[in-house]
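One structure below.
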Amino acid sequence: DQQVKQNSPSLSVQEGRISILNCDYTNSMFDYFLWYKKYPAEGPTFLISISSIKDKNEDGRFTVFLNKSAKHLSLHIVPSQPGDSAVYFCAASVETGANNLFFGTGTRLTVIP
Amino acid sequence: DAGVIQSPRHEVTEMGQEVTLRCKPISGHNSLFWYRQTMMRGLELLIYFNNNVPIDDSGMPEDRFSAKMPNASFSTLKIQPSEPRDSAVYFCASMGWWPNYGYTFGSGTRLTVV
Chain A
706 DQQVKQNSPS
716 LSVQEGRISI
726 LNCDYTNSMF
736 DYFLWYKKYP
746 AEGPTFLISI
756 SSIKDKNEDG
766 RFTVFLNKSA
776 KHLSLHIVPS
786 QPGDSAVYFC
796 AASVETGANN
806 LFFGTGTRLT
816 VIP
Chain B
1039 DAGVIQSPRH
1049 EVTEMGQEVT
1059 LRCKPISGHN
1069 SLFWYRQTMM
1079 RGLELLIYFN
1089 NNVPIDDSGM
1099 PEDRFSAKMP
1109 NASFSTLKIQ
1119 PSEPRDSAVY
1129 FCASMGWWPN
1139 YGYTFGSGTR
1149 LTVV
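Chains A and B are the protein sequences, given in the same order. Going by my numbering, the first residue of the first sequence is number 706, and it counts up by one from there. Going by my numbering, the first residue of the second sequence is number 1039, and it counts up by one from there.
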């Protein structure tokens, strides 16, 4: 059973516009969330994270929003750049620092120049 | 630091053959994970080790899969016998203690079983 879901397998956005990637989860015990970015032929790399005590975390062009009541988080990229084209994975854990991360199926973002 | 090193990068084998995937974690990282990436299930955890000890192998799909970590710098994932449905990209990741939370992934091994 998939506890972390990314229902959009792909997303295309024009360069300079905002990219919004969504993620839903079912386990109310999750309290730490991460986004990973993956380029072809490479392993996923950590992008940004958020603890459940926050509803927003910002790092440069990347912002993650968390809505605990809806069990939903999103990643905003503003402005989008062609180099952002990659597969983005959402992940969650039951406790901060816990070993086991649960990943979504990924969303392939294409930023069109 | 060379990061997490996986070998081989690509493996093509015939159904029924034994396949061994290898991983060298980042020095000092005490947790190691094996993941499999498929289109349908995304990144699914197969097994993870803490301090070389297997903690959770509930994700290992069948008895055909086995994993070992004989020391802190090396782990293997073995499939015997391999089947076409095992074709996927297999990732190894390692993690250190907080505040270095978050995985560092290797580049993966693309396995094709024909």
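C-beta atoms are modelled at their ideal positions from N, C-alpha and C, and glycine is treated no differently.
Listing by chain order, which chain B residues have their CB less than 7 angstroms from the CB of leucine 780 of chain A? Below the 7 angstroms Cβ cutoff, chain B contributes no neighbours of leucine 780 of chain A, its closest Cβ being approximately 15 angstroms away.
What's the gap between the Cα of proline 1099 of chain B and the Cα of isoleucine 1117 of chain B? Roughly 10 angstroms between the two C-alpha positions.
Give me, in chain order, the residues of the same chain whose beta-carbon lies closer than 7 angstroms to that of glutamate 1121 of chain B; leave out the 5 immediate sequence neighbours on both sides. Take glutamate 1121 of chain B, set aside five residues on each side of it, and the residues of its chain with a beta-carbon closer than 7 angstroms to its own are Met1053, Val1151, in chain order.
Chain A partners of phenylalanine 1129 of chain B, CB-CB under 7 angstroms? What phenylalanine 1129 of chain B touches in chain A, judged by beta-carbon distance under 7 angstroms, is Gly748, going in chain order.
Are at least three pairs of beta-carbons, each pair with one atom in the segment 1105-1113 of chain B and one in the segment 771-784 of chain A, less than 8 angstroms apart? No contact exists between the segment 1105-1113 of chain B and the segment 771-784 of chain A.
From the beta carbon of phenylalanine 1143 of chain B, is the nearest beta carbon of chain A less than 8 angstroms away? Yes, because at least one Cβ of chain A sits closer than 8 angstroms to the Cβ of phenylalanine 1143 of chain B.
Closer than 8 angstroms, CB to CB, is leucine 1081 of chain B near chain A or not? At a cut-off of 8 angstroms, the C-beta of leucine 1081 of chain B has a neighbouring C-beta in chain A.
Which bits of chain A does glycine 1146 of chain B rub up against, with CB to CB less than 7 angstroms? Under the 7 angstroms cutoff, chain A gives Gly748.
Among the residues of its own chain, which have a CB less than 6 angstroms from the CB of asparagine 732 of chain A, if the five just before and after it don't count? Result list for asparagine 732 of chain A: Gln708, in chain order.
Would you say isoleucine 725 of chain A reaches chain B, if we count a Cβ-Cβ gap shorter than 8 angstroms as a contact? For isoleucine 725 of chain A, not one C-beta of chain B is nearer than 8 angstroms to its own C-beta.
Establish whether the CB of threonine 731 of chain A and some CB of chain E are separated by less than 8 angstroms. Here the protein chains are A and B, and chain E is not one of them.
Chain B contact residues for phenylalanine 794 of chain A, given Cβ-Cβ distances below 8 angstroms: Near phenylalanine 794 of chain A (Cβ distances below 8 angstroms), the residues of chain B are Gly1080, Leu1081.
Note down, in chain order, each residue of its chain lying with its Cβ closer than 6 angstroms to the Cβ of serine 798 of chain A, except the 5 sequence neighbours on either side. Cβ within range, chain order: Tyr737, Leu806.
What do you reckon, are the CB atoms on tyrosine 744 of chain A and alanine 791 of chain A nearer than 8 angstroms? Less than 8 angstroms divides the Cβ of tyrosine 744 of chain A from the Cβ of alanine 791 of chain A.
How would you label arginine 1079 of chain B, buried or exposed, when you count the other beta carbons within 10 angstroms and need 16 or more for buried? Residue burial is scored here from C-beta neighbours: arginine 1079 of chain B has fewer than 16 other C-beta atoms within 10 angstroms and is therefore classed as exposed.
Kindly indicate which three-state DSSP category proline 787 of chain A falls into: helix, strand or coil? Three-state result, proline 787 of chain A: helix.
Beta-carbon neighbours of threonine 810 of chain A, restricted to chain B and to distances below 9 angstroms: Residues of chain B passing the Cβ test: Thr1076, Met1077, Met1078, Arg1079, Gly1080, Leu1081.
For chain A, check one thing: does any of its Cβ atoms lie closer than 8 angstroms to the Cβ of valine 1057 of chain B? Cβ-Cβ to chain A under 8 angstroms: no for valine 1057 of chain B.
Taking the alpha-carbon positions, what's the valine 1153 of chain B to glutamine 1075 of chain B distance? It is not possible to answer for residue 1153 of chain B, since the shown part of chain B is limited to 1039 through 1152.
Note the first and the last residue of the continuous beta strand (DSSP E) segment covering leucine 806 of chain A. Note, leucine 806 of chain A: premise wrong, no beta strand (DSSP E); not H, not E.
Have a look at aspartate 1095 of chain B and phenylalanine 794 of chain A and give me their C-alpha separation to the nearest angstrom. Computed Cα separation, rounded: 22 angstroms.
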